[in-house]
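Residue numbers (this note's numbering): 80 to 399.
Worksheet for the structure shown next.
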Ligand code: GTP
Ligand code: MG
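So this is what it looks like as structure tokens:
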């Protein structure tokens with residue numbers, strides 16, 4: 080924990096209030112917005128700007144040395160999706176410190192993949208990590224499932240867990256589910272993940288299923304597009320911050336819409352445009368194939384080639 084009284088205009092009592100609000104170190108303050116900080120009692124807009132500026136300097140935010148990034152990347156770990164084929168196109172499974180997006184039509188398997196990830200987190204053999212962080216990952220890792228469509232099914236978790244021989248009750252114990260009925264709740268739940276972490280929960284997986292459905296219904300029409308994108312950008316920033324600071328895996332699901340200019344290229348695209356596109360490191364399209372088969376297509380990844388994988392969804396869950 081940093082000594083917050085080193086910040087300009089912050090005395091012991093303001094420092095205490097900041098800590099109570101979850102701002103326990105310079106990094107958290109440096110990455111907060113002015114508006115967020117003014118929600119702490121006694122901090123004016125002007126003071127907030129000064130505090131954030133100082134906090135940024137304290138942690139040299141924005142200018143990390145290449146060696147520091149290399150150091151941070153040493154902690155990256157992977158979680159198996161359940162399918163070796165799918166793991167392989169992702170470079171070894173879901174990757175921490177980044178956001179993985181699954182887009183696809185209804186029934187393409189987005190929610191099933193999200194359920195399977197919660198189950199796999201409780202299966203040590205499905206966690207791929209170096210020894211230096213394995214202990215932390217195996218210390219009661221927990222998942223947060225932000226459910227905007229009411230499709231989280233504990234029964235399905237039990238079924239998937241049984242199929243791989245792990246205790247389904249334990250998976251449910253270690254999965255926090257939050258039902259978000261609108262975009263404000265959805266954003267708040269994401270912001271509050273940090274509180275769970277501060278309470279001592281070892282949150283390692285964060286799921287938002289679906290990322291865009293609330294935004295899509297609330298902000299309709301061209302006139303609302305800018306506001307929608309701005310909010311979505313903030314939501315993505317929150318998720319990215321959590322992934323980076325706490326070395327979490329973040330999975331978001333997304334719907335697809337017809338491309339109006341689909342003369343060349345695919346006829347469908349993920350919702351959310353560039354905002355979602357730039358914030359997600361791994362983007363996949365899911366397509367139904369014959370029977371229980373599904374095709375996942377990785378695209379637009381900065382360091383992996385576009386690739387396809389076939390997997391299946393059966394009563395056992397996600398597998399090859
Ligand atoms: P939307 O949220 O509607 O956009 O779809 P989604 O992409 O989230 O689809 P979801 O993950 O809910 O996939 C539903 C499909 O998974 C079903 O159509 C089934 O094919 C398959 N599925 C779901 N549960 C089971 C199950 O218990 N057994 C089997 N065999 N298949 C299942
Ligand atoms: Mg779904």
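The C-beta atom is built at its ideal place from N, Cα and C for all residues, glycine as well.
Residue i Cβ short of 7 Å to ligand 1 heavy atom set
i           : result
residue 189 : yes
residue 252 : no
residue 238 : yes
residue 241 : no
residue 394 : yes
residue 361 : no
residue 351 : no
residue 185 : yes
residue 338 : no
residue 235 : yes
C-alpha gap between residue i and residue j, whole angstroms
i           : j           : result
residue 203 : residue 302 : 48 Å
residue 347 : residue 192 : 21 Å
residue 63  : residue 336 : Nothing about residue 63 can be reported from this structure: the residues present for the chain run from 80 to 399 only.
residue 219 : residue 252 : 10 Å
residue 264 : residue 352 : 22 Å
residue 274 : residue 101 : 7 Å
residue 382 : residue 362 : 12 Å
residue 133 : residue 243 : 50 Å
residue 162 : residue 387 : 13 Å
residue 120 : residue 103 : 16 Å
residue 377 : residue 278 : 36 Å
residue 85  : residue 217 : 36 Å
residue 189 : residue 91  : 48 Å
residue 399 : residue 98  : 47 Å
residue 96  : residue 105 : 14 Å
For residue i, the residue or residues it bridges with in DSSP
i           : result
residue 287 : 225, 331
residue 401 : Because residue 401 is not part of the residues shown, which for the chain are 80 to 399, the question remains open.
residue 29  : Given a span of 80 to 399 for the chain in the structure shown, any question on residue 29 remains unanswerable.
residue 349 : 335
residue 157 : 174, 207
residue 377 : 363, 386
residue 372 : 391
Closer than 7 Å: residue i CB and nearest ligand 2 heavy atom
i           : result
residue 228 : yes
residue 332 : yes
residue 209 : no
residue 288 : yes
Bounding residues of the beta strand (DSSP E) (the contiguous stretch that carries residue i)
i           : result
residue 389 : 386-393
residue 364 : 361-367
residue 133 : Taken as a continuous stretch (DSSP letters only), residue 133 belongs to no beta strand (DSSP E), being part of the alpha helix (DSSP H) at 124-137.
residue 182 : 177-183
residue 258 : 254-258
Limits of the unbroken alpha helix (DSSP H) element including residue i
i           : result
residue 296 : 292-297
residue 325 : 304-325
residue 98  : 91-99
residue 197 : 189-199
residue 114 : 113-117
residue 239 : 233-242
residue 167 : 163-168
residue 85  : Segment: none, residue 85 is in no alpha helix (DSSP H) and carries neither H nor E.
residue 150 : 145-152
Min CB distance residue i to chain D below 8 Å
i           : result
residue 316 : Absent here is chain D; the protein component of the structure consists of one chain.
Three or more C-beta pairs below 8 Å linking the segment 280-294 and the segment 326-333: At 8 Å Cβ cutoff, the stretches touch.
Touching by the beta-carbon criterion (3+ pairs, under 8 Å), the segment 265-274 and the segment 151-171: As far as the Cβ criterion goes, the segment 265-274 does not touch the segment 151-171, which means the pair count is below three.
At least three beta-carbon pairs within less than 8 Å, the segment 350-358 to the segment 308-324: A contact exists between the segment 350-358 and the segment 308-324.
Sufficient close CB pairs (3 or more, under 8 Å) joining the segment 207-214 to the segment 153-165: Because the criterion of three Cβ pairs below 8 Å is met, the segment 207-214 and the segment 153-165 touch.
Cβ pair count under 8 Å reaching 3, the segment 249-262 against the segment 223-240: Look at the beta carbons and you see the segment 249-262 touching the segment 223-240: at least three pairs across the two are nearer than 8 Å.
Contact the segment 232-243 vs the segment 275-285: 3+ CB pairs below 8 Å: By the criterion of at least three beta-carbon pairs nearer than 8 Å, the segment 232-243 is not in contact with the segment 275-285.
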